[in-house]
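Quick notes on the structure that follows.
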Amino acid sequence: MDIPRIFNITESAHRIHNPFTPEKLAALGAALRLEPGTRVLDLGSGSGEMLCTWAHDFGIIGTGIDMSQLFSEQAKRRAEELNVADRVEFIHDDAAGYVADEKVGVAACLGATWIGGGVAGTIQLLAKSLRTGGLILIGEPYWLKLPPTEEVAKGCQASSIADFLLLPELLASFADLEYDVVEMVLADQNGWDRYEAAKWLTMRRWLEANPADDFAKEVRAQLTSEPGRYAAYTREYLGWGVFALMAR
Ligand code: SAH
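Just so you know, this note's numbering puts the end of the sequence shown at 258, numbered straight through with nothing missing.
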């Protein structure tokens, strides 16, 4: 079981697979006022940077589920590197339908809300693992400004304008689900650059190491088109943030 290979190639050198910088991730942890010993569940935990750094900095206990074999292995290595392997566990699996045996204080899904079939479904899924009064974290894109055409939305790698909301609408959508938004940390353009531009050097190096690979043509095409596409579309139109929610 694994995710499409292209992501395991383009994001193989990423520690954070979203537009957050290490500083933003730390700011989010601090903003949540995490108590040592808090259990945190992370669906689509990627290379484990959130759980590992929060275990290191705030003493949380974490479980992460991710479908990428490579990212799951990187998460385990990161836990050892930060000396928190006894506090965090990483499971290589499909997180769809995953419910924790023991209830958690924080249930998160950052940049992977398709796991629950969208934001609302993911909130419902996370709520099944959450203790009363706990926090749900959703990391999700939103439109900085509405794309003028469907073509522009596609340029942002959305399937249509309807995929995302403007920030006020996204916040209102949480209220519609009977959740209070109790904290929020937003990515900025620098964070987007770190997430997107880091893929380009990774692709270039991968191409040099794997010239005869079946995938080389696709990776070459992406390396050629991505900087321009990103600068014209995603960088101009797409925001990203993590929203902390508590049931009303
Ligand atoms: N939350 C992490 C990763 C975000 S990228 C971070 O912010 O760094 C999206 C992640 O979802 C990838 O790591 C991918 O491997 C994972 N993923 C995709 N589909 C999944 C599924 N069905 N179950 C678990 N993980 C999944």
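Don't be surprised by glycine CBs; every beta carbon is placed ideally from N, CA and C. Remember, predicted model here, so these are calculated numbers, not experimental data.
- A check of alpha carbon separations from M256 across S169, Y240, L217, A185 identifies A185 as the nearest.
- Beta-bridge analysis with DSSP links I148 to C119, F253.
- The alpha carbon of H27 has as its nearest neighbour, out of L44, S82, I70, S169, the alpha carbon of S82.
- The Cβ atoms of L248 and L233 lie no closer than 8 angstroms to each other.
- Membership of T20 in the alpha helix (DSSP H) is indicated by the continuous run 15-20.
- For R215, the enclosing alpha helix (DSSP H) has its first and last residue at 199-219.
- Per DSSP, H102 is one residue of the beta strand (DSSP E) stretching across 98-102.
- Spanning the alpha carbons of L135 and C166 requires a straight line of approximately 27 angstroms.
- Under DSSP, R49 shares a beta bridge with I71.
- E91 carries a helical assignment under DSSP once its states are collapsed to helix, strand and coil.
- In the three-state reduction of the DSSP assignment, L176 falls in the strand class, which pools E and B.
- In the structure shown, G165 adopts helical secondary structure according to DSSP, grouped into three states.
- Sequence-distant partners of A89 (beyond 5 residues in either direction) whose C-beta falls short of 6 angstroms from its own C-beta, in its chain, are C62, A95, V98.
- By the neighbour-count criterion, in which a residue is buried when 16 or more other Cβ atoms sit within 10 angstroms of its Cβ, V109 is exposed.
- Within the DSSP secondary-structure output, M194 pairs in a beta bridge with F253.
- With a cutoff of 7 angstroms, E59 counts as near the ligand SAH, since its C-beta is closer than that to a heavy atom of the ligand.
- The criterion of a C-beta distance shorter than 8 angstroms is not satisfied by L176 and L196.
- Judged by the Cβ position, S78 qualifies as a neighbour of the ligand SAH at the 7 angstroms threshold, a heavy atom of the ligand being closer than this.
- Judged by DSSP in its simplified three-state form, V114 adopts strand.
- Annotated three-state conformation of Y240 is helix, per DSSP.
- Following the DSSP letters along the chain, one finds L38 inside the alpha helix (DSSP H) bounded by residues 32-41.
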